[in-house]
Amino acid sequence: MLNLNISYDTKAYEVQPELNGQGLLTAKCAQQICRVLDEHGFVILPNLQTDEEANSGLKLVKDAIADPARERGDFASQTDILHQRRDFCPLPSTPDVLSYASLLCKRLENVLLEYCGRTRKVLEISTMTSYQGSSHQYIHRDPDGVLCMFSAVDDVSIEQGGTVFVPGTHKYSGAELKHEGKAGVFTTLFQTLSNFYVLRHNLKKVLHMRKTGEPEISKQEFHDRIFSKRYDNHQPNLANFFMRRNDLFDIFSLLPHKLLKLFMNRKYINENFFLVQTAPKKGTVILYRSDMLHAGPDNQSTKPRFFFGMSIARDVIFDEEWRNGYAPHTSLLAEPKSLGDLLSC
Ligand SMILES: [Fe+2]
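This is the structure:
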């Protein structure tokens, strides 16, 4: 049988930060962080911030989502945003936002400079809040060549939905030679299998919500989450699945020859690919390479999940790609910032 392996044990991906007298990571610790990031595509850094520092990040997030005039991000499910299940918004380049972003960058300077030069663009600084009843994203990759950072400004439990990653699926020169030269084939098969489970999970969940009212769901939202024809790559939806309006998973993903390939390779996939779901404590920072397979799970708790996020380019980026692939605040677009700017402010 085909199974979807999910591990909640994140020890292999964690590095305990060691700071020097200036509050920067020691060279030895930075090297260990880079080793984990290079091997698995992501790394978890518990206690990188004090409670006070995380609180200042949490205040930024709460202030932002309390502002009715806030800008809205288009890098999350638009259906979830429409029905107040998620609130992803780009943060303006205010002194407080830049100061918190700068604090994180300075502490991680030894690591960030390994991947991103000082002149590389800060692509977005944003909040990522999810509420009970949100949908589970499809497993996907973000645009190539970016280093992303999630800062847990509050405790995140498994039920609240810490990000899931598929270790070792990031892209680099020769990565396709892994798995006996079939890395591309196997990762695509695993992504298809995972997304079948994600679609099934979301449909079951929406039906359960409609039946039990836990949490409550309106007729309009129920309709939108199953039948809406609106393009929404992040919202697993039955209509988009059958009408092929989703780039990640649709009816063609389950053509007989693809299912046969999945079945024939089930043993290898089950033994070599799995999802890791994180549950970062307050003060933790997660770094991940944008091109690895990952997803934002649904929030199954009554408590909102708060993240502060930042993405920094590892290479030059065409302006149109920047605007389309990320959600920079208009103030960041008007006055772009580089990693060097954040390290020196
Ligand atoms: Fe993503």
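One point on numbering: in my numbering, the residue at position 123 of the sequence shown is 609, and numbering is uninterrupted.
A virtual CB, placed ideally from N, CA and C, is assigned to each residue, including glycine.
Source: prediction; values computed, not measured.
Beta-carbon spacing of residue i, residue j below 8 Å
i      : j      : result
THR633 : ARG800 : Residue identity check: residue 633 is Leu in the sequence provided, not Thr. Against a cut-off of 8 Å, the Cβ pair of ARG800 and LEU633 comes out as a contact.
TYR754 : PHE561 : no
ASN429 : SER620 : Because the chain here runs from 487 to 831, residue 429 falls outside it and cannot be looked at.
ARG711 : THR580 : no
VAL547 : VAL608 : no
THR655 : THR678 : no
ARG606 : LEU825 : yes
GLN763 : ILE492 : yes
PHE676 : PHE749 : no
ILE625 : VAL684 : yes
THR512 : GLN618 : no
HIS720 : GLN623 : yes
CYS831 : LEU584 : yes
VAL642 : ALA765 : yes
PRO629 : GLU807 : yes
PRO503 : ASN533 : yes
ARG731 : LYS715 : yes
PHE528 : TYR774 : yes
MET778 : ARG627 : yes
LEU761 : SER680 : yes
CYS591 : LEU829 : yes
Identity of the residue in the options nearest residue i by Cα
i      : options                           : result
MET881 : HIS743, GLY699, PHE713 and PRO742 : Lying outside 487 to 831, the shown extent of the chain, residue 881 is not represented and no answer is given.
ASP495 : VAL652, SER579 and LEU599         : VAL652
THR536 : GLY559, GLY769 and ALA820         : GLY769
ILE530 : GLU500, GLN518, LEU546 and ALA552 : GLU500
ILE772 : TYR586, PHE636 and ILE519         : PHE636
LYS767 : LYS705, TYR658, SER588 and ARG791 : ARG791
HIS687 : PRO783, ILE644 and TYR658         : PRO783
LEU819 : LEU693, GLU557 and GLY631         : GLU557
GLN570 : GLY660, LYS657 and GLN706         : GLN706
VAL802 : ILE519, CYS591, ASP549 and GLY631 : GLY631
MET614 : ASP582, LEU746 and ILE567         : ILE567
ASP827 : ALA587, LYS545 and HIS694         : ALA587
LYS668 : ILE519, ARG809 and ASN751         : ASN751
ASP549 : GLN517, GLN518 and ASP582         : ASP582
ALA725 : ILE644, TYR658, GLU662 and LEU689 : LEU689
ASP805 : SER659, LEU490, GLN517 and GLU610 : GLU610
ASN490 : GLU757, GLU666 and GLY507         : First, the residue type needs correcting, since residue 490 is Leu and not Asn in the sequence shown. With distances taken between Cα atoms, LEU490 lies closest to GLU757.
ARG809 : GLU700, GLY559 and ALA661         : GLY559
Residue i: CB within 7 Å of a non-hydrogen atom of ligand 1
i      : result
ASP628 : yes
HIS780 : yes
Whole-angstrom C-beta distance between residue j and residue i, which should lie under 8 Å
i      : j      : result
PHE794 : GLY543 : 5 Å
GLU595 : LEU510 : 6 Å
CYS575 : SER616 : At roughly 13 Å, the Cβ-Cβ gap does not stay under 8 Å, so CYS575 and SER616 are not in contact.
LEU577 : HIS815 : 6 Å
PHE727 : ASP736 : 5 Å
SER776 : SER797 : 7 Å
HIS780 : THR649 : 6 Å
LEU589 : GLU539 : 6 Å
VAL692 : PHE682 : Between PHE682 and VAL692 the Cβ distance is about 16 Å, and since that is not below 8 Å, they are no contact.
heavy atom of ligand 2 below 7 Å from residue i C-beta
i      : result
GLN508 : Within the structure as shown, ligand 2 is missing, the only ligands being ligand 1.
3-residue-minimum beta strand (DSSP E) runs that sit fully inside the segment 528-607, ordered along the chain: 528-531 and 572-576
Runs of beta strand (DSSP E) lying entirely within the segment 764-808, each at least 3 residues, in chain order: 771-775 and 791-799
Complete beta strand (DSSP E) runs within the segment 614-693 (minimum length 3 residues, chain order): 632-637
Can you check the segment 698-745 for any alpha helix (DSSP H) of at least 4 residues that lies completely inside it and give the ranges in chain order? 705-713 and 724-728
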